[in-house]
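Undergrad: Numbering-wise, UniProt numbering puts 31 at position 31 of the sequence shown, and it's gapless, one number per residue. We put the CB at the ideal spot given by N, CA and C, even for glycine.
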Amino acid sequence: MFLSDDASASGKLDLAGMRAQAAKAVARGPSFPIKLVSYKYLTYRALWSSQVRLRIHQIPLHTLQLAVNNISVNPHIMTAHNPATIESVRKLLTTPSAGTLPEDPKPTALTGPQADMLNQLIAHFSSPGFRPQEKTLDSKGREKLKAGGPLTSWEVCSQLNREALVRCLRADKWELAKCKARLEDTIVWRRSLSGDGIDIEEQALIIRNEAQCGKMFTLGFDKVGRPIVHMRPRHQSTGPSGNRFPLAFWLIDRAIDLMPPGVESILLVIDLSGPQESPSAKQQKEFVRTLGAHYCERLGQALVVNMPTIFVWVLKLLKPLIDPVTFAKAVVDKADPLVFAPAEQLDSPAGGSNGYDFDIATYWPALTSECTRRRYARLDEWVKMGKTVGSSELKDPSQTYRSSSSASQSSASTSLAPSTAGTSAHPDSVCTHDTSAREPIPQALVAVSQ
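If you want it as C-alpha cells, here you go:
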C-alpha cells in the first residue's frame with residue numbers, strides 16, 4: 001500500500017512506488033493479477049491532481065483502464081469480477097418492458113415555417129468556415145471570443161442531428177438566433193468537459209469514487225420507454241465534493257446513450273428520505289441553469305419522493321429560473337414511481353421488484369462498456385450512411401444519404417473505433433473523428449459545481 005492514513009486524507013500519492021509497480025505489471029502482460037493499489041486511492045484528488053497529471057502519463061492509460069474495468073472493489077484488495085453478474089446488470093440497463101417502446105418512430109413532422117427555420121439552422125452549422133466561438137479573458141481580464149476547432153463527426157452526430165435541432169428550436173420557442181447561440185454554447189461547454197465527447201472512460205475513472213455510494217445511478221425504463229435516473233442524496237458518503245454535479249451530468253448522458261430509438265427524454269426519480277447533506281442554494285441554481293441550458297427537453301418527468309417541507313421552499317426559490325414547461329414536469333405531491341414505471345424496472349427502495357442492489361463493482365463496468373459500445377456503433381452508422389448536420393437518426397425515407405460503398409471507396413479513411421472494421425469517414429467531410437490521440441483531462445470538469 002502506497003499511502004498512509006494521513007497521506008490519503010490529503011490526497012497525496014507515492015508516485016514513484018506506483019509507477020514502479022505499474023511498470024512491472026505492464027511487463028508481465030495483460031493477464032497479471034491486478035494489485036496496483038487499493039482502489040479508494042484511485043480518486044480524482046489522487047490520480048488527477050495537477051501534481052500527478054504531470055507524471056502519470058508515464059503509465060499507459062490502458063493499464064489504468066484495465067484496472068478499473070476488470071476489477072471489483074473492497075476497501076483494501078482488488079479482485080476479479082463475476083462476468084455473469086455484470087451481464088445481469090447490463091440486461092437491466094438495456095431491456096425496457098414489453099409494449100413500452102414507440103412503434104416504428106419517425107422524425108417529427110414540421111409546419112412550413114418551422115421547416116424553413118430548421119433549414120436555416122442547418123445551413124448555419126453546415127458552413128465550412130463555422131467554428132464554435134469560445135469565451136476567453138485577455139490579459140486585462142476582459143472577455144473576448146476566440147474561434148475553436150472545427151466540428152467533429154461525433155459533435156455533428158450527437159449534438160446537431162435533426163432531433164437535437166428540433167428540440168432546441170422548441171425549447172427556444174422557435175427563436176432562431178437564440179437557438180443558434182444555445183447550440184454553440186452547448187458545444188463549447190461539452191468541449192470543456194470531455195474534448196469531442198465520444199470516449200467516456202477517462203471521465204468514468206475520475207468520478208467513479210463519487211458514484212460508489214449509490215447516491216445517483218441510471219437503471220430501468222418507465223412505461224413509455226424512458227431511461228430512469230435515480231437520485232438518493234441520503235447515500236452521500238464522500239463529503240463535500242466538486243464532482244457531485246459532474247456526476248449528475250455524466251449519468252444523464254449515459255441515460256441518453258441508453259435511450260431506445262424514438263425516446264428523447266428521461267424520468268428523474270429523486271428520493272429525499274433520510275438525513276442528507278444538501279448543496280447550497282447557489283450550487284442548486286447553477287445545476288438547474290446548466291441542465292436547462294445544455295439538455296434541451298431531455299427531462300420528461302421529475303418525481304420528487306418524500307419531499308421535506310424545507311425543500312418546498314427551495315423549489316419556490318428555484319422556480320423563477322426554471323422554464324414553466326419544465327417546472328410543470330415536476331411531480332411532488334404523493335409522487336409514486338410505480339405510477340410511471342413497471343415494478344420490474346424498479347429496485348425495492350423505489351417500490352419495485354427487480355431485486356437489484358446497487359454495487360459499484362458490477363454496475364460501473366456494465367454501464368461504461370455498454371454505453372461505449374453504443375456510442376461507437378451510433379457514430380459508425382452515422383458515417384456509413386453519409387449523414388451530416390440536420391440528418392435524422394431515425395429511419396426517414398424522405399432523406400437520401402451517401403451509400404456506404406461510396407464512403408468505403410475512399411483511399412484516405414479515418415478509424416472510428418478500436419476493433420471496428422468496414423466503416424470509414426468520407427474524405428470530403430470536414431467532420432472526421434480521429435481516436436488516435438486522446439484529449440487531456442480538462443480542469444473544467446468540476447467548474448459547474450464550484
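Cβ atoms of alanine 302 and leucine 268: under 8 angstroms apart, would you say?
TA: Here residue 268 refers to the residue found at position 268 of the sequence shown. Here residue 302 refers to the residue found at position 302 of the sequence shown. Contact flag set, yes.
Undergrad: On the DSSP bridge list, what partners appear for isoleucine 270?
TA: Mapped onto the sequence shown, residue 270 falls at position 270. BP columns for isoleucine 270 point to Met231, Val304.
Undergrad: Can you give me the C-alpha to C-alpha distance between proline 113 and methionine 231, rounded to a whole angstrom?
TA: Residue mapping note: residue 113 aligns to position 113 of the sequence shown, counting from 1. Residue mapping note: residue 231 aligns to position 231 of the sequence shown, counting from 1. When rounded, the distance between both Cα atoms is 40 angstroms.
Undergrad: Return the chain-ordered list of same chain residues with a C-beta closer than 6 angstroms to the C-beta of phenylalanine 287, the five sequence neighbours on each side being excluded.
TA: Working through the sequence shown from its first residue, we reach residue 287 at position 287. Counting only Cβ-Cβ distances below 6 angstroms, and skipping sequence neighbours, we find Phe245.
Undergrad: Count the other CB atoms, across all protein chains shown, that sit within 10 Å of the CB of leucine 36; report buried if there are 16 or more and exposed otherwise.
TA: Here residue 36 corresponds to residue number 36 of the sequence shown, with the count starting at 1. Residue confidence for leucine 36 is low, a pLDDT of 36 falling below 50, so the modelled location carries little weight and cannot support an answer.
Undergrad: Taking the alpha carbon of isoleucine 187 as the reference point, which residue from Ile207, Leu137, Gln133, Ala177 has its own alpha carbon closest?
TA: Residue 187 sits at position 187 when you count from the first residue of the sequence shown. Closest by alpha carbon: Gln133.
Undergrad: Can you tell me where the alpha helix (DSSP H) holding glutamate 202 begins and where it ends?
TA: Within the sequence shown, the letter at position 202 stands for residue 202. 201–211 is the span of the alpha helix (DSSP H), which, as asked, contains glutamate 202.
Undergrad: Return the Cβ separation of arginine 298 and isoleucine 266 in integer angstroms, given the expectation that the two are a contact with Cβ distance under 8 angstroms.
TA: What you label residue 298 is simply residue 298 of the sequence shown in a count that begins at 1. What you label residue 266 is simply residue 266 of the sequence shown in a count that begins at 1. About 6 angstroms separates the two Cβ atoms, so the contact holds.
Undergrad: For residue 458, which of Trp364, Ala377, Leu394, Lys384 has the nearest alpha-carbon?
TA: Beyond the ends of the chain as shown, which are 1 and 450, falls residue 458; an answer cannot be given.
Undergrad: Output the distance between the C-alpha atoms of valine 339 and glutamate 277, rounded to the nearest integer angstrom.
TA: As a first step, residue 339 must be located in the sequence shown, where it is residue number 339. As a first step, residue 277 must be located in the sequence shown, where it is residue number 277. Cα-Cα distance, rounded: 28 angstroms.
Undergrad: What is the residue span of the alpha helix (DSSP H) that glutamine 159 lies within?
TA: One-based indexing of the sequence shown puts residue 159 at position 159. Glutamine 159 -> alpha helix (DSSP H) spans 153–159.
Undergrad: The alpha helix (DSSP H) that contains glutamine 345, what's its start and end?
TA: Here residue 345 is taken as the residue at index 345 of the sequence shown, counted from 1. Taken as a continuous stretch (DSSP letters only), glutamine 345 belongs to no alpha helix (DSSP H), as it is neither H nor E.
Undergrad: Just how far apart, CA to CA, sit valine 314 and methionine 307?
TA: The count along the sequence shown starts at 1 and reaches residue 314 at position 314. The count along the sequence shown starts at 1 and reaches residue 307 at position 307. Taking the straight line from one Cα to the other gives about 11 angstroms.
Undergrad: Tell me the DSSP secondary structure of leucine 258 in three-state form.
TA: On the sequence shown, position 258 is the one that residue 258 refers to. Leucine 258: coil per DSSP, three-state reduction.
Undergrad: Is the stretch 207–224 touching the stretch 346–357, taking contact as three or more C-beta pairs under 8 angstroms?
TA: Counting Cβ pairs under 8 angstroms, three or more are found: they touch.
Undergrad: If you draw a straight line from the alpha carbon of threonine 435 to that of serine 97, how long is it in whole angstroms?
TA: The residue labelled residue 435 in the question sits at position 435 within the sequence shown. The residue labelled residue 97 in the question sits at position 97 within the sequence shown. Low local confidence applies: a pLDDT of 33 at threonine 435 is under 50, so the model's placement there is unreliable, with the coordinate-based value given in what follows. Cα-Cα distance, rounded: 36 angstroms.
Undergrad: With a threshold of 16 other CB atoms inside 10 Å of the CB of valine 325, please say whether the residue is buried or exposed.
TA: Within the sequence shown, the letter at position 325 stands for residue 325. When all chains shown are included, valine 325 counts as exposed.
Undergrad: Around the C-beta of glutamine 58, are 16 or more other C-beta atoms found within 10 angstroms, so that it is buried, or is it exposed?
TA: Here residue 58 refers to the residue found at position 58 when the sequence shown is read from its first residue. At glutamine 58 the pLDDT is 39, less than 50, meaning the model places this residue with poor confidence; the figure from the coordinates comes in the next sentence. Result: exposed.
Undergrad: To the nearest angstrom, report how far apart phenylalanine 249 and threonine 368 are at their CA atoms.
TA: In the sequence shown, the residue the question calls residue 249 occupies position 249. In the sequence shown, the residue the question calls residue 368 occupies position 368. Cα to Cα, phenylalanine 249 sits roughly 15 angstroms from threonine 368.
Undergrad: If distances are taken between C-alpha atoms only, which option among Ala171, Ala281, Met216, Glu264 comes closest to leucine 272?
TA: Here residue 272 corresponds to residue number 272 of the sequence shown, with the count starting at 1. It is Met216 whose Cα lies nearest to the Cα of leucine 272.
Undergrad: So, for glutamine 51: in the same chain, excluding its five sequence neighbours on each side, which residues have a beta-carbon less than 6 angstroms away from its beta-carbon?
TA: Here the question's residue 51 lines up with position 51 in the sequence shown. Confidence at glutamine 51 is low in this model, with a pLDDT of 35, below 50, so its placement is unreliable and the value that follows should be read with caution. Same-chain partners within the cutoff: there are none.
Undergrad: What residues are listed by DSSP as bridge partners for methionine 216?
TA: Residue mapping note: residue 216 aligns to position 216 of the sequence shown, counting from 1. Its beta-bridge partners are Met231.
Undergrad: Please specify which runs of the alpha helix (DSSP H), each continuous and at least 4 residues long, are wholly inside the stretch 101–169, giving them in chain order.
TA: The stretch 101–169 contains these whole alpha helix (DSSP H) runs: 112–126, 153–159.
Undergrad: On a CA-only basis, which of Arg374, Asn209, Glu155, Tyr356 is nearest valine 389? Give me that one, please.
TA: By 1-based counting over the sequence shown, the position of residue 389 is 389. Among Arg374, Asn209, Glu155, Tyr356, the Cα nearest to that of valine 389 belongs to Glu155.
Undergrad: How about glutamate 143 and leucine 137: do their beta carbons lie closer than 8 angstroms?
TA: To locate residue 143, count along the sequence shown from 1; it is residue 143. To locate residue 137, count along the sequence shown from 1; it is residue 137. Yes, these two residues count as a Cβ contact at 8 angstroms.
Undergrad: Helix or strand or just coil, what does DSSP make of alanine 330?
TA: Residue mapping note: residue 330 aligns to position 330 of the sequence shown, counting from 1. Three-state DSSP puts alanine 330 in a strand.
Undergrad: Can you list, in chain order, the residues of its chain with a C-beta nearer than 7 angstroms to that of tryptophan 174? Leave out the 5 residues immediately preceding and following it.
TA: The residue you call residue 174 lines up with position 174 of the sequence shown. The answer, listed in chain order, is Gln114, Met117.
Undergrad: Starting from the C-beta of leucine 92, find all residues in its chain whose C-beta is less than 7 angstroms away, skip the five residues before and the five after it, and write them out in chain order.
TA: Position 92 of the sequence shown, counting from 1, holds the residue named residue 92. Only Leu219, Gly220, Asn354, Tyr356 meet the Cβ criterion.
Undergrad: How would you write the range of the alpha helix (DSSP H) that aspartate 380 sits in, first residue to last?
TA: As a first step, residue 380 must be located in the sequence shown, where it is residue number 380. 360–384 is the extent of the alpha helix (DSSP H) around aspartate 380.
Undergrad: Run through DSSP, which three-state label would leucine 299 get?
TA: Along the sequence shown, read from residue 1 onward, the residue named residue 299 stands at position 299. In this structure, leucine 299 counts as strand in the three-state DSSP scheme.
Undergrad: One question on the structure: do arginine 170 and glutamate 264 come within less than 8 angstroms of each other, judged by their Cβ atoms?
TA: Walking along the sequence shown from the start, residue 170 turns up at place 170. Walking along the sequence shown from the start, residue 264 turns up at place 264. For arginine 170 and glutamate 264, no; Cβs fall outside 8 angstroms.
Undergrad: Find out if the Cβ-Cβ distance for the pair lysine 178, histidine 124 is shorter than 8 angstroms.
TA: The sequence position of residue 178 within the sequence shown is 178, counting from 1. The sequence position of residue 124 within the sequence shown is 124, counting from 1. No, the pair does not count as a contact, with Cβ atoms beyond the cut-off.
Undergrad: So what does DSSP say about leucine 36, is it helix, strand or coil?
TA: Taking the first residue of the sequence shown as position 1, residue 36 is located at position 36. Low per-residue confidence applies at leucine 36: pLDDT is 36, beneath 50, and the placement is therefore not dependable, though the value from the model is reported in the following sentence. Reduced to three states, the DSSP call for leucine 36 is coil.
Undergrad: Keeping to the same chain, check which residues put their C-beta closer than 7 angstroms to that of arginine 226; ignore five residues upstream and five downstream.
TA: Position 226 of the sequence shown, counted from the first residue, corresponds to residue 226. Cβ neighbours of arginine 226 beyond the five flanking positions: Val263, Ser265, Ile266, Leu267, Gly300.
Undergrad: Shortest alpha-carbon distance to residue 456 belongs to which of Gln236, Ala204, Leu121?
TA: With the chain represented from 1 up to 450, any question about residue 456 goes unanswered, as that position is not in the structure.
Undergrad: Could you please give me the residues that DSSP links to phenylalanine 221 through a beta bridge?
TA: Here the question's residue 221 lines up with position 221 in the sequence shown. DSSP output for phenylalanine 221 lists Pro227 as bridge partner(s).
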